[in-house]
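In this note's numbering, the protein residues as written are 54 to 509. Heads up, the beta-carbon is just placed ideally off N, CA and C, and yes, glycines get one too. Step one of this worksheet: look at the structure below.
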Amino acid sequence: MSEPVRLQRFLAAGGVAARRKAEAMIAEGRVRVNGEVVRTPGTKVDPAHDSVTVDNEAVFPLDHFYVLLNKPKACITAVSDDRGRPTVMDYLPNLPVPVKPVGRLDFYTEGVLFLTNDGELAAKLLAPASHVPKTYHAKVHGHVTPDQLTRLRAGVTLEDGMVTQPAEVALLPSESKHSWVAVTIYEGKHHQVHRMFEALNFRVDKLQRVAFANLTFHHLRVGDARELTQQELNELRQAVGLPRGPVARGRWRASRESTDIPRRARAKARAEADAEAGGAEIEPAPAREPAPESRPRAPSSSQRRDSSAHAAPSFGRRDRGPRSGARDDRGPRSGARDDRGPRSGARDDRGPRSGARDDRGPRSGVGPRSGARDDRGPRGGAGPRGGARDDRGPRSGAGPRSGAGPRSGAGPRSGARDDRGPRGAPRDGRGPRSGARDAHKAGPRRGQGRSSGKRR
Numbered sequence: 054m055s056e057p058v059r060l061q062r063f064l065a066a067g068g069v070a071a072r073r074k075a076e077a078m079i080a081e082g083r084v085r086v087n088g089e090v091v092r093t094p095g096t097k098v099d100p101a102h103d104s105v106t107v108d109n110e111a112v113f114p115l116d117h118f119y120v121l122l123n124k125p126k127a128c129i130t131a132v133s134d135d136r137g138r139p140t141v142m143d144y145l146p147n148l149p150v151p152v153k154p155v156g157r158l159d160f161y162t163e164g165v166l167f168l169t170n171d172g173e174l175a176a177k178l179l180a181p182a183s184h185v186p187k188t189y190h191a192k193v194h195g196h197v198t199p200d201q202l203t204r205l206r207a208g209v210t211l212e213d214g215m216v217t218q219p220a221e222v223a224l225l226p227s228e229s230k231h232s233w234v235a236v237t238i239y240e241g242k243h244h245q246v247h248r249m250f251e252a253l254n255f256r257v258d259k260l261q262r263v264a265f266a267n268l269t270f271h272h273l274r275v276g277d278a279r280e281l282t283q284q285e286l287n288e289l290r291q292a293v294g295l296p297r298g299p300v301a302r303g304r305w306r307a308s309r310e311s312t313d314i315p316r317r318a319r320a321k322a323r324a325e326a327d328a329e330a331g332g333a334e335i336e337p338a339p340a341r342e343p344a345p346e347s348r349p350r351a352p353s354s355s356q357r358r359d360s361s362a363h364a365a366p367s368f369g370r371r372d373r374g375p376r377s378g379a380r381d382d383r384g385p386r387s388g389a390r391d392d393r394g395p396r397s398g399a400r401d402d403r404g405p406r407s408g409a410r411d412d413r414g415p416r417s418g419v420g421p422r423s424g425a426r427d428d429r430g431p432r433g434g435a436g437p438r439g440g441a442r443d444d445r446g447p448r449s450g451a452g453p454r455s456g457a458g459p460r461s462g463a464g465p466r467s468g469a470r471d472d473r474g475p476r477g478a479p480r481d482g483r484g485p486r487s488g489a490r491d492a493h494k495a496g497p498r499r500g501q502g503r504s505s506g507k508r509r
């Protein structure tokens, strides 16, 4: 047999409205019990036998439902808001039954929030006599000393003269320059944690509720929600002295990604509605006055890109012209550096790097390679290879490498090795580096005979 309940509570459990709004409906004569209009709030009805209607529509008690939400910042703990602010219900899509928050969290406080339509359990959890523990992590602006922690544990006097009950307080390990403090309280005064630290001349920069009774935020991201499991519900009811009875399926779940688009759409609609109600129009930003000539402003990145075709870049390239699409006036790629002087002090006799190699002689009897090595003779034993190796003799004791004319020969290879001596000699004139380097590859290159030198 079911127990009789008050009419406004029955309407709230049936999802019609909150208790206060249900009392207003009863006073307006919109509620009928067994066909008769009831205008007295507090009238008790038997859910198993009495018929209740609101505006001629039947009302039935709904199954109990229990939700755990990791509340994000910037939303209020309410079912709806007359000012159009986002609520926690924006993160709970497709609920099978309507639920309501148990307790409140501040607008900028995040963490564990319990919602249900089980009025009996909600009333027990909020009752001061139940002493339900609530644990918070608070980031306090400044450094909290051990003596101040002792004061918080014993209870502090708030600004209105009320003394808080003893709390469990501990410092949390943190690399921040401010203190993180874990606070567990057993009462629920308005903004109690903020006011406790304000009594010690501290400001709370960030506040998170990490536990409510036996419910924690573990394995639940900020903005996600899920239904309680049967074990969690049994422990929660047992903590406040209620028997086990209601069933929690533990199947429903919501993620913040699934509510992101609807929340943004609602936020946009609220902003447009506020703009229309207030008649606010977006005005163009006033034009900024030009900077004084005595203090020229640095060009922006876009201005630098636009002027890159006319402004010479740094690093000694002022004679090169634009960086891209305008190299026609530069001449050859490497032939435009003659006015800078030789790069290493000996390249001014080379001529342009490209487009001026016709006088080198054929590389292999086909065409000139570079036009700067005409006096070298064959690579294998005619002229000096780099202008300083003419005393070495042929590289392999044979004729040219390919027998097709000199590979190159227009003076020294780099113009800076004329005093080095043979290739195998050290650079400081101390004699050969190894005594036989000029003959270590004296063997035939391409079928020219056996090697006469000793290989190292």
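| query | result |
| --- | --- |
| Beta carbon of P151 nearer than 9 Å to that of G68 | yes |
| D213 to K74 span [Cα, whole Å] | 32 Å |
| G241 (DSSP reduced to helix, strand or coil) | coil |
| L281 and L64 closer than 9 Å at C-beta | no |
| Cβ-based burial, V216 [other Cβ within 10 Å; buried from 16] | exposed |
| For P219 and A191, the rounded distance between their alpha carbons | 17 Å |
| Cβ pair count under 8 Å reaching 3, the region 159-168 against the region 114-134 | yes |
| Option in N170, Y239, E228 and H271 with minimal Cα separation from A70 | N170 |
| Helix, strand or coil at G164 according to DSSP, with G and I counted as helix | strand |
| Per DSSP, cross-strand counterpart(s) of A223 | A235 |
| Residues bridged to V265 (per DSSP) | The residue you asked about is not Val; residue 265 is Phe in the sequence shown. Per DSSP, K187 and L268. |
| Inter-residue spacing [alpha-carbon to alpha-carbon] between V91 and V84 | 6 Å |
| Cβ-based burial, H117 [other Cβ within 10 Å; buried from 16] | buried |
| Residue span of the alpha helix (DSSP H) that contains A176, given as start and end | G172 to L179 |
| Reference A278; option with closest CA among A207, G303, E110 and I79 | G303 |
| Residue from G331, K124, H231 and Q245 whose Cα sits closest to the Cα of R308 | Sequence inspection shows Ser at residue 308; the Arg mentioned does not correspond to that position. The shortest C-alpha separation from S308 is found at K124. |
| Which listed residue (K97, V222, A80 and A324) has its alpha carbon closest to that of V58 | K97 |
| Same chain, Cβ closer than 6 Å to S183, neighbours up to 5 away in sequence not counted | K177 and V293 |
| Three-state secondary structure assigned by DSSP to R316 | helix |
| Assigned secondary structure, E329 (DSSP; H/G/I helix, E/B strand, else coil) | helix |
| Coil, strand or helix - D200 by DSSP | helix |
| Sequence-distant residues of the same chain with beta carbon closer than 8 Å to A320, five excluded per side | P139 |
| Under 9 Å between C-beta atoms of G241 and K187 | yes |
| Terminal residues of the beta strand (DSSP E) in which R62 lies | No beta strand (DSSP E) holds R62; the alpha helix (DSSP H) holding it covers L60 to A66. |
| Nearest-angstrom Cα separation, counted from H194 out to D258 | 6 Å |
| Cα-Cα separation between E346 and Q261, rounded to whole angstroms | Summary for E346: the model assigns pLDDT 42, below 50, so the residue's position carries little reliability; its value from the coordinates is reported in the next sentence. Taking the straight line from one Cα to the other gives about 53 Å. |
| Neighbourhood of D103 by C-beta, 8 Å cutoff - its chain only, sequence neighbours within 5 removed | V86 and N87 |
| CB-CB length for A266 against L289, believed under 8 Å | 6 Å |
| Close Cβ partners of M142 (< 7 Å) along its chain, the five nearest in sequence each way excluded | V132 |
| Backbone secondary structure at L260 - three-state DSSP | strand |
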